[in-house]
Amino acid sequence: MAGTETNLGREWFAACAEFYTLQARERPHDLGATFEKFFSTSRLLATDSTLLFAAKKKNTLSDEQFATEVDNISGQIMRFKHLVETVFDEPANFVTVSPVAPAPSAEDDITDFRDANFLYGGDYFTMNYVLIDFWAIDMMFRNRLATTTPSPQVAAQLVEIALKECKMFEAVEHCEQKPPGAILGCQASLGIASLFLPRDRKHTDWCRRKFALIEQKGYIYPAALRQHMSELWGVDVNHWWLPHDAGYPSVVRALRDFVQYRASMPRDALTANVSDMSGIFEAMNLAEETGLEEEDLKGSWGSSPEGDVV
Numbered sequence: 001m002a003g004t005e006t007n008l009g010r011e012w013f014a015a016c017a018e019f020y021t022l023q024a025r026e027r028p029h030d031l032g033a034t035f036e037k038f039f040s041t042s043r044l045l046a047t048d049s050t051l052l053f054a055a056k057k058k059n060t061l062s063d064e065q066f067a068t069e070v071d072n073i074s075g076q077i078m079r080f081k082h083l084v085e086t087v088f089d090e091p092a093n094f095v096t097v098s099p100v101a102p103a104p105s106a107e108d109d110i111t112d113f114r115d116a117n118f119l120y121g122g123d124y125f126t127m128n129y130v131l132i133d134f135w136a137i138d139m140m141f142r143n144r145l146a147t148t149t150p151s152p153q154v155a156a157q158l159v160e161i162a163l164k165e166c167k168m169f170e171a172v173e174h175c176e177q178k179p180p181g182a183i184l185g186c187q188a189s190l191g192i193a194s195l196f197l198p199r200d201r202k203h204t205d206w207c208r209r210k211f212a213l214i215e216q217k218g219y220i221y222p223a224a225l226r227q228h229m230s231e232l233w234g235v236d237v238n239h240w241w242l243p244h245d246a247g248y249p250s251v252v253r254a255l256r257d258f259v260q261y262r263a264s265m266p267r268d269a270l271t272a273n274v275s276d277m278s279g280i281f282e283a284m285n286l287a288e289e290t291g292l293e294e295e296d297l298k299g300s301w302g303s304s305p306e307g308d309v310v
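Written out as structure tokens, the structure is:
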């Protein structure tokens, strides 16, 4: 998020990935061990990506070295993507959303979150977090790569992945079997996905409702996000996500006041960059940079494939 090197060294993430990979190998029927392997692998991929672009930014890699490392990480990401999207894809592992979920609405829906073969249930519910976590990492890698190697296809790819993130968020939200506070596990990925959605009224309103829902559940987004989203959407959400303070409970106001107080305390440069999410916002206007027309960014669940987006 800060756009700089990680605070912890790569060896820490590599050791975690190695440990959980060994645990999963020794306990092949332990789903918990498998999930931990997936999460730690995602973190290592994110770390390697972060270190690569930080090195490029500091000009400590030659163009040839950078290209080689990009190919290496891209290959790892694609292989891992295929693994996590197919390893448990038997129909019996999926569940449908709650029967009391909102009826389909052409006016409000941006995804087909009612897809019967998308949301994992039962013992496999954690796979929903594995996927939404990995998709966010994939998006950030593609976004950063586009700043160094512009491609007209990248913006459209980011929209497809972002819609898939939103589909998962809404499926988890309306899952009858979800544990308490389940959507809070999706809040970080939702924030990243929102940066790459079409910038029309329908998608903006959808995001505003979901950000409000997250804060109503107790997670307070940093003021930097509200400021940047106000600039991105052309709608002032610095005060609250919804018009006329709709759904803005007093407890959220109190939490925000506390968060703002803590944010006003002295910070070092790294902490400030993380809080301000500098690494995300410095290069998110890919449509303008690649010359992609606004019409090409239009998307909906009807045209968003669930397969590979390469």
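Take the sequence shown: its position 140, counted from the start at 1, is 140 in the UniProt record's numbering, and no numbers get skipped.
Ideal Cβ placement from N, Cα and C applies to all residues, glycine included.
Here the structure is a predicted model, which is why all the values come from computation and not from measurement.
Could you say which of the options lies nearest to residue i if we only look at CA atoms?
i: Met229; options: Ala246, Arg208, Leu44, Phe141; result: Arg208
i: Phe53; options: Thr148, Val172, Val100; result: Thr148
i: Asp108; options: Gly218, Asp200, Gly185; result: Asp200
i: Glu160; options: Leu195, Leu8, Ile183, Leu225; result: Leu195
i: residue 313; options: Gly191, Thr126, Asn143; result: With the chain represented from 1 up to 310, any question about residue 313 goes unanswered, as that position is not in the structure.
i: Leu163; options: Pro104, Met139, Leu61; result: Met139
i: Ala223; options: Ala156, Gly181, His239; result: His239
Is residue i near residue j, with beta carbons less than 8 Å apart?
i: Ser49; j: Trp135; result: no
i: Thr47; j: Arg79; result: no
i: Phe88; j: Tyr124; result: yes
i: Leu119; j: Phe94; result: yes
i: Ala212; j: Trp241; result: yes
Check for me: the alpha helix (DSSP H) holding residue i runs from which residue to which?
i: Phe80; result: 63-86
i: Cys166; result: 154-173
i: residue 391; result: Past the boundaries of the shown model lies residue 391; the chain is included only from 1 to 310, so the question cannot be answered.
i: Met139; result: 126-148
i: Arg209; result: 201-216
i: Ile250; result: Note on residue identity: the sequence assigns Ser, not Ile, to residue 250. Taken as a continuous stretch (DSSP letters only), the alpha helix (DSSP H) holding Ser250 covers 250-263.
i: Gly32; result: 31-57
i: Ala116; result: Taken as a continuous stretch (DSSP letters only), Ala116 belongs to no alpha helix (DSSP H), as it is neither H nor E.
i: Tyr20; result: 10-26
Rounded to whole angstroms, what's the CA-CA distance from residue i to residue j? Just pull it up for me.
i: Ile77; j: Ser250; result: 43 Å
i: Val84; j: Asn59; result: 34 Å
i: Thr111; j: His203; result: 10 Å
i: Asp71; j: Tyr248; result: 46 Å
i: Gln65; j: Thr21; result: 28 Å
i: Pro91; j: Arg114; result: 14 Å
i: Asp205; j: Pro99; result: 24 Å
i: residue 313; j: His244; result: As displayed, the chain neither begins before 1 nor continues past 310, which places residue 313 out of reach and without an answer.
i: Thr96; j: Ala246; result: 30 Å
i: Leu232; j: Cys16; result: 37 Å
i: Tyr219; j: Leu45; result: 26 Å
i: Tyr261; j: Gly191; result: 22 Å
Distance cutoff 8 Å, beta carbons only. Does residue i sit that close to anything in chain D?
i: Val235; result: Absent from the structure is chain D; it holds one protein chain and no more.
So, do the segment 130-145 and the segment 33-40 have three or more beta carbon pairs nearer to each other than 8 Å? Taking 8 Å as the limit for Cβ pairs, the verdict is that the segment 33-40 does touch the segment 130-145.
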